[in-house]
Amino acid sequence: DAGVIQSPRHEVTEMGQEVTLRCKPISGHNSLFWYRQTMMRGLELLIYFNNNVPIDDSGMPEDRFSAKMPNASFSTLKIQPSEPRDSAVYFCASSFSGNQPQHFGDGTRLSIL
Amino acid sequence: KNEVEQSPQNLTAQEGEFITINCSYSVGISALHWLQQHPGGGIVSLFMLSSGKKKHGRLIATINIQEKHSSLHITASHPRDSAVYICAVRSKGSQGNLIFGKGTKLSVKP
Numbered sequence: 027d028a029g030v031i032q033s034p035r036h037e038v039t040e041m042g043q044e045v046t047l048r049c050k051p052i053s054g055h056n057s058l059f060w061y062r063q064t065m066m067r068g069l070e071l072l073i074y075f076n077n078n079v080p081i082d083d084s085g086m087p088e089d090r091f092s093a094k095m096p097n098a099s100f101s102t103l104k105i106q107p108s109e110p111r112d113s114a115v116y117f118c119a120s121s122f123s124g125n126q127p128q129h130f131g132d133g134t135r136l137s138i139l
Numbered sequence: 749k750n751e752v753e754q755s756p757q758n759l760t761a762q763e764g765e766f767i768t769i770n771c772s773y774s775v776g777i778s779a780l781h782w783l784q785q786h787p788g789g790g791i792v793s794l795f796m797l798s799s800g801k802k803k804h805g806r807l808i809a810t811i812n813i814q815e816k817h818s819s820l821h822i823t824a825s826h827p828r829d830s831a832v833y834i835c836a837v838r839s840k841g842s843q844g845n846l847i848f849g850k851g852t853k854l855s856v857k858p
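Order-wise, the sequence lines are chains A and B.
The number in the numbering used here is simply the position in the first sequence, starting from 1, with 26 added.
The number in the numbering used here is simply the position in the second sequence, starting from 1, with 748 added.
Structural data, given as structure tokens:
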């Protein structure tokens with residue numbers, strides 16, 4: 027079975043550029059989560075969707091971050107403009123419902139120069 | 749104070765030792781998760797529990813709701829158990845989002 031698929035695995039770009047991270051959840055899962063992991067703060071929830079609808083985006087750092095889920099099989103996390111402090115590993119996870127175990131993708135390691 | 753506290757932060761053990769990692773939390777929860785993050789970065793869900801105890805192979809997770817405490821035990825530890833173990837809770841009333849501890853980095857030496 028395919029797990030949660032994230033792309034790209036690595037992204038290096040210069041500050042000011044737009045960055046788009048992609049996630050394909052496990053088929054049949056109706057909850058999708060975006061997390062950010064840094065050395066200083068550990069794992070933090072950015073936003074999560076239930077049935078393609080954003081439920082809680084209080085973890086989104088600022089207006090430079092936006093996330094969409096146009097359908098049940100695809101979500102994007104966009105940063106525009108990017109800044110060096112956005113450098114982190116971004117994980118996407120999905121679950122059958124909000125109260126079921128979450129399955130994580132391999133993450134996108136983002137470096138903003 | 750963090751809502752989810754783990755101890756110890758770092759743990760080094762010899763192969764074969766019994767290992768315990770602790771997690772305390774300060775919020776009312778509906779479930780607690782134990783996650784494993786390998787050196788390569790991938791995250792795997794080990795357990796989700798809301799009461800009692802669960803066992804999977806050499807791993808055992810327990811939770812005491814009254815004391816707001818959970819433990820993860822590894823019996824007969826092996827170098828391949830070396831990873832970061834992360835405790836996360838789903839607070840009551842939330843629809844799924846998790847609050848994470850900072851993780852415990854475990855190194856098992858042969």
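All residues carry an ideal CB built from backbone N, CA and C; glycine is no exception.
Contact check, residue i vs residue j, beta carbons under 9 Å
i: Ile73/A; j: Ala98/A; result: no
i: Ser57/A; j: Gln128/A; result: yes
i: Asn770/B; j: Lys850/B; result: no
i: Ala824/B; j: Gln784/B; result: no
i: Glu107/A; j: Gln43/A; result: One point to set straight first is that residue 107/A is Pro, not Glu, in the sequence displayed. Closer than 9 Å, so yes.
i: Glu763/B; j: Lys857/B; result: yes
i: Ile834/B; j: Ile767/B; result: no
i: Thr760/B; j: Leu820/B; result: no
i: His786/B; j: Leu846/B; result: no
i: Ser120/A; j: Phe59/A; result: yes
i: Thr852/B; j: Ser793/B; result: no
i: Ile811/B; j: Lys803/B; result: no
i: Asn125/A; j: Arg838/B; result: yes
Same chain only: Cβ atoms within 6 Å of residue i, ignoring 5 sequence neighbours per side
i: His817/B; result: Ser772
i: Lys104/A; result: Thr46 and Ser92
i: Arg135/A; result: His36 and Val115
i: Asn758/B; result: Lys853
Nonlocal neighbours in the same chain, by C-beta distance under 7 Å from residue i, ignoring five residues either side
i: Thr102/A; result: Thr46, Leu47, Arg48, Ala93 and Lys94
i: Phe117/A; result: Tyr61, Gln63, Phe130, Gly131 and Gly133
i: Lys840/B; result: Gly776, Ile777 and Ser778
i: Phe848/B; result: Val752, Ile834 and Ala836
i: Pro34/A; result: Thr134
i: Ser799/B; result: Ile811 and Ile813
Minimum Cβ-Cβ distance from residue i to chain A less than 9 Å
i: Ser842/B; result: yes
i: Leu820/B; result: no
i: Thr807/B; result: Looking at the sequence provided, one finds Leu at residue 807/B rather than Thr. No, because no Cβ of chain A sits closer than 9 Å to the Cβ of Leu807/B.
i: Leu759/B; result: no
Environment of residue i [buried if 16+ CB atoms lie within 10 Å]
i: Phe130/A; result: buried
i: Met796/B; result: buried
i: Asn814/B; result: According to the sequence as given, residue 814/B is Gln; it is not Asn. So Gln814/B counts as exposed.
i: Asp112/A; result: buried
i: Val38/A; result: exposed
i: Val79/A; result: exposed
i: Gly805/B; result: exposed
i: Gln32/A; result: buried
i: Ala809/B; result: buried
Close beta carbons around residue i, own chain, < 8 Å, minus the five adjacent residues each side
i: Pro110/A; result: Met41, Ile138 and Leu139
i: Asp82/A; result: Leu71, Ile73 and Tyr74
Residue-chain proximity (residue i, chain B), Cβ-Cβ < 9 Å
i: Leu136/A; result: no
i: Phe59/A; result: yes
i: Asp89/A; result: no
i: Gly54/A; result: no
i: Phe85/A; result: A small fix is needed here, since residue 85/A is Gly in this sequence, not Phe. Yes, its Cβ sits closer than 9 Å to a Cβ of chain B.
i: Gly42/A; result: no
CB contact below 9 Å: residue i versus chain E
i: Glu70/A; result: Although the question refers to chain E, the structure presented lacks it and instead comprises the protein chains A and B.
Members of the region 785 to 801 of chain B near chain A, C-beta cut-off 8 Å: Gly789, Gly790, Ile791, Val792, Ser793 and Met796
Interface residues of the region 110 to 130 of chain A facing chain B [CB-CB below 9 Å]: Val115, Phe117, Ala119, Ser121, Ser123, Gly124, Asn125, Gln126, Pro127, Gln128, His129 and Phe130
Residues of the region 845 to 857 of chain B whose Cβ lies closer than 9 Å to any Cβ of chain A, in chain order: Asn845, Leu846, Ile847, Phe848, Gly849, Lys850 and Gly851
Residues, ordered as in the chain, of the region 825 to 838 of chain B that lie near chain A by beta-carbon distance below 9 Å: Ile834, Ala836 and Arg838
Residues from the region 770 to 781 of chain B in contact with chain A, defined by Cβ distance under 8 Å: Ser778, Ala779 and His781
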